[in-house]
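Trainee: Per numbering that gives the first Met the number 0, residue 0 is the first one in the sequence shown, and the count goes up by one each step.
We treat Cβ as the ideally placed atom computed from N, Cα and C, and that holds for glycine.
I have a structure I would like to understand better, so I am pasting it below and will then ask my questions one at a time.
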Amino acid sequence: MRNLTMMTDLYQLTMMYGYYKNNKINQTVVFDMFYRQSNLESSYAIAAGLEQIVEYIDNLHFDENDIEYLRGLNLFDEGFFDELRRLRFTGEMYAVPEGSVVFPTEPILRVKARLFEAQFIETAILNIVNHQTLIATKASRVVLAAQGDAVMEFGLRRAQGPDAGIYGARAAIIGGCASTSNVLTAQLFEAQCSGTHSHSWVMSFGSELEAFRAYAASFPNACLLLVDTYDTLKSGVPNAIKVFNELREKGYEPMGIRLDSGDLAYLSKEARKMLDNAGFPNVKIVASNDLDEDTIWDLKAQGAKIDTWGVGTSLITSRNCPALGGVYKLSAYEENGKLTPCLKVSENVNKMTDPGYKKLVRIYEKKTGKAIADLIMLDHEQIDTKKPLTIFHPVDTWKKTVITDYTIREMLEPVYINGEKKYTPRKVLDIREYARKELDTFWEEYKRIVRPNEYKVDLSQELYDLKHRLLHEYGKEN
């Protein structure tokens with residue numbers, strides 16, 4: 000297990016030093032991690048990265064090499080270094096389970112701890128959750144666009160470094176991908192590994208047919224041939240069919256062909272006809288070539304005969320939205336033995352935060368089991384499901400809905416209590432299945448690839464009143 004303690008911003012350490020010098024390190028505080036509305040082009044996100052947060056927290060400590068480096072910065076005194084040596088996470092952390100569907104402004108993770116601890120872990124939490132949630136969400140959209148077809152992740156060569164490739168592929172599996180080309184990710188997380196061969200394999204032989212025969216001889220039980228090196232329809236597919244017939248004579252059935260260039264709709268339709276006429280209706284057609292959810296959606300609309308989609312660069316980099324925009328904000332602090340709610344005020348309404356020690360409640364229609372709204376509430380609040388529930392938009396408060404015949408679920412689950420780990424690791428494939436079932440609880444309009452409908456995320460009346468009281472008090476002071 001890696002020690003990532005020093006993976007932080009310097010200002011976390013300078014703030015911690017300031018807290019130390021002002022005798023504030025033991026003050027209890029509450030932080031919320033959430034994401035703001037971004038250019039994801041998605042109404043939702045798939046929460047991911049919690050397992051790596053737990054690994055980070057479990058191994059949180061400064062060793063003497065770390066202390067020696069920090070001493071060389073000439074910023075801190077020896078008493079502060081003694082505090083760093085003793086640093087361990089002793090607080091409370093709640094989070095939504097990995098694979099959960101979440102929406103802007105909702106607490107994905109909540110920390111209640113000593114200021115010294117809660118402040119320091121901000122950078123690592125944001126780094127890990129922002130990245131994996133971003134890629135899991137992108138993968139979810141790609142998988143939805145594929146409409147039941149398998150999606151392979153193979154973006155390792157285009158990922159921004161080893162960790163982005165490894166954990167991006169993990170997140171892509173959580174988001175719904177059937178497999179990854181990344182062998183290390185498959186090994187670490189017990190995921191399915193997939194891949195065929197590249198154009199260089201074909202080019203390294205005297206002819207395309209020779210290359211196909213050599214590959215088929217090497218992998219007779221898993222023969223999938225890349226057919227677009229020279230001419231897909233005049234050379235690639237006919238040569239593949241010759242090799243498939245030879246395989247069949249030896250008692251093997253071919254797996255498929257892959258298209259990696261050209262008009263994928265036209266080529267897949269023509270290739271499908273050729274394969275069917277040759278007696279290979281079960282041979283799969285795999286497509287790649289700079290695909291994303293929009294291209295896949297269009298190709299499906301054009302009737303492309305593609306069974307499996309290989310998605311690389313656009314997925315592993317989330318090319319159209321390179322950052323999630325998750326933040327970690329103080330929402331309460333201890334004062335005279337009790338928690339005092341606080342909030343960030345901004346002229347930009349989207350940058351204002353919700354105060355207090357909060358929870359997230361999901362409301363389901365009892366008849367259909369579909370999610371109909373989320374409610375951000377103060378932690379002590381309770382909902383009597385036997386009574387009608389009125390919810391309202393937190394900005395456009397005239398938008399109100401009365402909900403009857405419903406069930407609720409509290410989304411935040413304990414990860415640490417008083418520093419003791421309560422988290423139970425889950426296999427990535429189990430998280431993927433959980434994410435799939437979670438998405439199934441949402442109506443299709445919230446999952447549309449283009450212009451999805453906005454899901455209701457509202458504040459409880461008590462939290463709304465608290466927020467506006469604090470805003471009013473802030474206005475009087477300024």
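What does the alpha-carbon distance come out to for the pair lysine 421 and asparagine 319?
Mentor: As a first step, residue 421 is located in the sequence shown; it is residue number 422 there, counting from the start. As a first step, residue 319 is located in the sequence shown; it is residue number 320 there, counting from the start. Each residue's Cα considered, the two are about 37 angstroms apart.
Trainee: If you draw a straight line from the alpha carbon of glycine 164 to that of arginine 156, how long is it in whole angstroms?
Mentor: Residue 164 sits at position 165 when you count from the first residue of the sequence shown. Residue 156 sits at position 157 when you count from the first residue of the sequence shown. The alpha-carbon atoms of glycine 164 and arginine 156 are separated by roughly 8 angstroms.
Trainee: Where isoleucine 407 and threonine 384 are concerned, what is the direct C-alpha to C-alpha distance, given to the nearest angstrom?
Mentor: For the purposes of this step, residue 407 is taken as residue 408 along the sequence shown, with counting starting at 1. For the purposes of this step, residue 384 is taken as residue 385 along the sequence shown, with counting starting at 1. Cα to Cα, isoleucine 407 sits roughly 8 angstroms from threonine 384.
Trainee: Grab the span of the beta strand (DSSP E) containing arginine 361 for me, first residue to last.
Mentor: Your numbering for residue 361 matches position 362 in the sequence shown. Counting along the chain, the beta strand (DSSP E) containing arginine 361 begins and ends at 357-364.
Trainee: Kindly list the residues whose CB is nearer than 7 angstroms to the CB of phenylalanine 211, restricted to its own chain and excluding five residues on each side of it in sequence; keep chain order.
Mentor: Residue 211 sits at position 212 when you count from the first residue of the sequence shown. Only Leu224, Asn238, Ala239 and Val242 meet the Cβ criterion.
Trainee: Counting pairs of Cβ atoms below 8 angstroms between the stretch 257-270 and the stretch 297-312, do you hit three or more?
Mentor: Segments in contact, yes.
Trainee: Check whether the Cβ of glycine 336 sits closer than 6 angstroms to any heavy atom of the ligand FAD, and report yes or no.
Mentor: This structure does not include the ligand FAD; it has no bound ligands of any sort.
Trainee: What are the uninterrupted segments assigned as alpha helix (DSSP H) that are 4 or more residues long and contained completely in the stretch 321-399, given in chain order?
Mentor: Here no run is fully enclosed.
Trainee: Is there contact here, the stretch 198-207 with the stretch 171-190, by at least three beta-carbon pairs under 8 angstroms?
Mentor: Flag = no, the stretch 198-207 and the stretch 171-190 do not touch.
Trainee: Tell me the rounded alpha-carbon separation between alanine 170 and alanine 138.
Mentor: Against the sequence shown, residue 170 aligns to sequence position 171. Against the sequence shown, residue 138 aligns to sequence position 139. C-alpha separation (whole angstroms): 8 angstroms.
Trainee: Assign arginine 408 to one of three DSSP states: helix, strand, or coil.
Mentor: By one-based count along the sequence shown, residue 408 stands at place 409. Strand at arginine 408.
Trainee: Below 8 angstroms on the Cβ atoms is my guess for methionine 6 versus alanine 123; work out the distance and round it to an integer in Å.
Mentor: What you label residue 6 is simply residue 7 of the sequence shown in a count that begins at 1. What you label residue 123 is simply residue 124 of the sequence shown in a count that begins at 1. Right, the Cβ-Cβ distance comes to about 6 angstroms (below 8 angstroms), so this counts as a contact.
Trainee: I'd like the list of long-range same chain contacts for aspartate 404, defined as Cβ closer than 8 angstroms, with 5 residues on each side in sequence excluded.
Mentor: Translated into the one-based positions of the sequence shown, residue 404 becomes position 405. Only Glu364, Lys365 and Lys366 meet the Cβ criterion.
Trainee: Using only alpha-carbon positions, find the residue among Glu116, His471 and Phe218 that is nearest to phenylalanine 30.
Mentor: To locate residue 30, count along the sequence shown from 1; it is residue 31. When only C-alpha atoms are compared, the closest one is Glu116.
Trainee: Can you give the beta carbon distance from valine 360 to methionine 376, rounded, assuming they're within the 8 angstroms contact cut?
Mentor: To locate residue 360, count along the sequence shown from 1; it is residue 361. To locate residue 376, count along the sequence shown from 1; it is residue 377. Contact flag correct, Cβ pair sits at about 6 angstroms.
Trainee: If we ignore side chains and look at the alpha-carbon of each, how far apart do isoleucine 382 and leucine 388 end up?
Mentor: Along the sequence shown, read from residue 1 onward, the residue named residue 382 stands at position 383. Along the sequence shown, read from residue 1 onward, the residue named residue 388 stands at position 389. So the alpha carbons of these two residues sit roughly 8 angstroms apart.
Trainee: Have a look at valine 282 and alanine 270 and give me their C-alpha separation to the nearest angstrom.
Mentor: Taking the first residue of the sequence shown as 1, we reach residue 282 at position 283. Taking the first residue of the sequence shown as 1, we reach residue 270 at position 271. Each residue's alpha carbon lies about 10 angstroms from the other.
Trainee: On the DSSP letters alone, give me the boundaries of the beta strand (DSSP E) that methionine 0 sits inside.
Mentor: Within the sequence shown, numbered from 1, the residue matching residue 0 stands at position 1. Per DSSP, methionine 0 belongs to no beta strand (DSSP E) and is neither H nor E.
Trainee: Within a Cβ cutoff of 7 angstroms, which residues of the same chain sit near glutamine 146, ignoring the five residues on either side of it in sequence?
Mentor: Position 147 of the sequence shown, counted from the first residue, corresponds to residue 146. Cβ within range, chain order: Lys299.
Trainee: Excluding five sequence neighbours on each side, which residues of the same chain lie with their C-beta closer than 7 angstroms to the C-beta of threonine 312?
Mentor: Taking the first residue of the sequence shown as 1, we reach residue 312 at position 313. For threonine 312, where only same-chain residues beyond five positions count, the Cβ hits under 7 angstroms are Gly154, Arg157, Asp289 and Arg318.
Trainee: Touch check for the stretch 184-202 and the stretch 339-349: three-plus C-beta pairs under 8 angstroms?
Mentor: No, the stretch 184-202 is not in contact with the stretch 339-349.
Trainee: Output the residue ranges of the beta strand (DSSP E) runs that lie fully inside the stretch 19-87 and measure 3 residues or longer, sorted by chain position.
Mentor: With a minimum length of 3 residues, the continuous beta strand (DSSP E) runs that stay inside the stretch 19-87 are 27-34.
Trainee: Taking its Cβ as the centre, do 16 or more other Cβ atoms sit within 10 Å of lysine 328, making it buried, or is it exposed?
Mentor: Walking along the sequence shown from the start, residue 328 turns up at place 329. That one is buried.
Trainee: When you compare each of Glu419, Ala372, Leu274 and Phe79 to lysine 304 by their alpha carbons, which one comes out closest?
Mentor: Here residue 304 corresponds to residue number 305 of the sequence shown, with the count starting at 1. Ranking Glu419, Ala372, Leu274 and Phe79 by Cα distance to lysine 304 puts Leu274 first.
Trainee: Which one of Thr307, Thr423 and Gln460 has the shortest CA to CA distance from glutamine 51?
Mentor: As a first step, residue 51 must be located in the sequence shown, where it is residue number 52. When only C-alpha atoms are compared, the closest one is Thr423.
Trainee: By Cβ distance, which residues of its chain are closer than 6 angstroms to methionine 92, with the 5 residues on each side in sequence left out?
Mentor: Within the sequence shown, residue 92 is the residue found at index 93, counting from 1. The residues are Val110, Val414 and Tyr415.
Trainee: For tryptophan 442, which residues in the same chain have their Cβ closer than 7 angstroms to its Cβ, ignoring the five residues on either side in sequence?
Mentor: Along the sequence shown, read from residue 1 onward, the residue named residue 442 stands at position 443. Same-chain partners within the cutoff: Lys369.
Trainee: What are the start and end residues of the beta strand (DSSP E) that includes leucine 208?
Mentor: Looking up residue 208 in the sequence shown gives position 209. First-last for leucine 208: 207-217, but that is the alpha helix (DSSP H), not the beta strand (DSSP E).
Trainee: Is there contact here, the stretch 424-444 with the stretch 55-63, by at least three beta-carbon pairs under 8 angstroms?
Mentor: Because the criterion of three Cβ pairs below 8 angstroms is not met, the stretch 424-444 and the stretch 55-63 do not touch.
Trainee: Helix, strand or coil for asparagine 477 per DSSP?
Mentor: Within the sequence shown, residue 477 is the residue found at index 478, counting from 1. Interpretation of asparagine 477 is limited by its pLDDT of 48, a score under 50 that renders its predicted location unreliable; no figure is taken from the coordinates.
Trainee: For a test of the three-state rule: what should DSSP assign to threonine 179, helix, strand or coil?
Mentor: Locating residue 179 in the sequence shown gives position 180, counting from the first residue. Correct three-state label for threonine 179: strand.
Trainee: Taking the beta strand (DSSP E) that glutamate 97 belongs to, which residues open and close that run?
Mentor: Residue mapping note: residue 97 aligns to position 98 of the sequence shown, counting from 1. Glutamate 97 -> no beta strand (DSSP E), and no H or E assigned at all.
Trainee: Going by C-alpha distance, which of Asn126, Arg140, Leu86 and Ala135 is nearest leucine 114?
Mentor: By 1-based counting over the sequence shown, the position of residue 114 is 115. Answer by Cα proximity: Leu86.
Trainee: Please list, in chain order, all residues of the same chain as asparagine 477 whose beta carbon is under 7 angstroms from its beta carbon, the five residues on each side excluded.
Mentor: As a first step, residue 477 is located in the sequence shown; it is residue number 478 there, counting from the start. Note that asparagine 477 has pLDDT 48, beneath the 50 cutoff, so the model's placement of it is unreliable and the number below is only indicative. Excluding sequence neighbours, asparagine 477 sits near nothing in its chain.
Trainee: Measure the C-alpha to C-alpha separation of threonine 89 and aspartate 57 and round it to an integer number of angstroms.
Mentor: As a working note, residue 89 is residue 90 in the sequence shown. As a working note, residue 57 is residue 58 in the sequence shown. Taking the straight line joining both Cα atoms gives about 11 angstroms.
Trainee: Can you tell me which of Tyr34, Leu49, Ser42 and Leu9 puts its alpha carbon nearest to the alpha carbon of aspartate 65?
Mentor: Counting from one through the sequence shown, the residue named residue 65 turns up at place 66. Considering only alpha carbons, the answer is Leu9.
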